[in-house]
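Heads up, the thing below is written out as structure tokens.
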Amino acid sequence: MAIGRPREFDVDQALDRALEVFWRHGYEGAAMSDLTAAMGINRPSLYAAYGNKESLFRKALERYTTGPARHVSEALAEPTARATAERLLYGTVDAVTADGCPRGCLVVQGALVTGNGADGVRAEISAHRMAVEVQLRERFERAQAEGDLPGSASAAELARLVMVVSQGMSVHAADGVGRAELRRVVEMVLANFPR
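To convert, count from 1 in the sequence shown and add 166; that's my numbering.
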């Protein structure tokens, strides 16, 4: 049985570079030539290590979720509903305005520039966003059951509000709105958070 040549590149580092290309250009805007150049590999190596472009994007999205966007899962573990919203929103501001990273959010930006030719990717990004909203709604429902959030508040509407603000801040950050301005938006949302 023939044994292939060992990889001459770090799979995780190359994935981080692909993540940045997708983050800057979206799924469709990221040309294979851009990806291979950024990753420092050729097409056959990319296909051998990651599969096709769609598979590479999925791996990059997973990496993004556990890396630059880990504040989302951290927020869901906060002890109160308000702390959850606060951690998610301030974490979003920090992530979408971080020095050395593309402005905005991969999950939001990637979907905005995905056309009909990438319906599978667009559907996956949408499912990812909706899953976060469901988790947030469930977290707020738990807060209601624990007496931390008033029963008169709609957990579903509150989750939608937090997600819309978070995603809107991502779009504004991509347009150049600064961290201080976005933090003021979070302060306004939190000032009106149900108690």
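Glycine included, every Cβ here is placed at the ideal spot set by N, Cα and C. Since the structure is predicted, the reported quantities are computational estimates derived from the model, not experimental observations.
Within a Cβ cutoff of 6 Å, which residues of the same chain sit near residue i, ignoring the five residues on either side of it in sequence?
i: Gln-179; result: none
Report back the beta-carbon spacing between residue i and residue j to the nearest angstrom; my notes put them in contact at under 8 Å.
i: Lys-225; j: Leu-181; result: 6 Å
i: Arg-229; j: Ala-241; result: That belief does not hold up - the Cβ atoms of Arg-229 and Ala-241 are roughly 19 Å apart, past 8 Å.
i: Met-335; j: Leu-348; result: 5 Å
i: Gly-276; j: Tyr-213; result: No, Gly-276 and Tyr-213 are not in contact; Cβ-Cβ is about 21 Å, not under 8 Å.
Going by C-alpha to C-alpha distance, which of the options sits closest to residue i?
i: Ala-311; options: Thr-246, Arg-288, Glu-299 and Leu-222; result: Thr-246
i: Pro-234; options: Glu-194, Ala-261 and Gly-276; result: Ala-261
i: Phe-175; options: Arg-190, Ala-196, Asp-200 and Ala-204; result: Ala-204
i: Ala-249; options: Gln-301, Cys-271, Asp-314 and Glu-186; result: Asp-314
Using a Cβ-Cβ cutoff of less than 7 Å, which residues in the same chain neighbour residue i once the five nearest sequence positions on both sides are dropped?
i: Ala-321; result: Arg-303, Phe-306, Glu-307 and Gln-310
If you follow the alpha helix (DSSP H) that residue i is part of, which residue opens it and which one closes it?
i: Thr-232; result: 219-232
i: Val-330; result: 321-340
i: Pro-210; result: 209-216
i: Glu-299; result: 285-311
i: Leu-356; result: 345-357
i: Asp-200; result: 198-205
i: Leu-185; result: 177-195
Quick one: is residue i near chain B, going by C-beta distance under 8 Å?
i: Arg-350; result: In the displayed structure, chain B is absent; only one protein chain is listed.
Kindly list the residues whose CB is nearer than 8 Å to the CB of residue i, restricted to its own chain and excluding five residues on each side of it in sequence; keep chain order.
i: Asn-208; result: Thr-202
i: Ala-168; result: Because Ala-168 carries a pLDDT of 46, less than 50, the predicted location of this residue cannot be relied on, and the following value inherits that uncertainty. No residues qualify anywhere along the chain.
i: Leu-272; result: Leu-185, Phe-188, Trp-189, Ala-226, Leu-227, Tyr-230, Pro-234 and Ala-235
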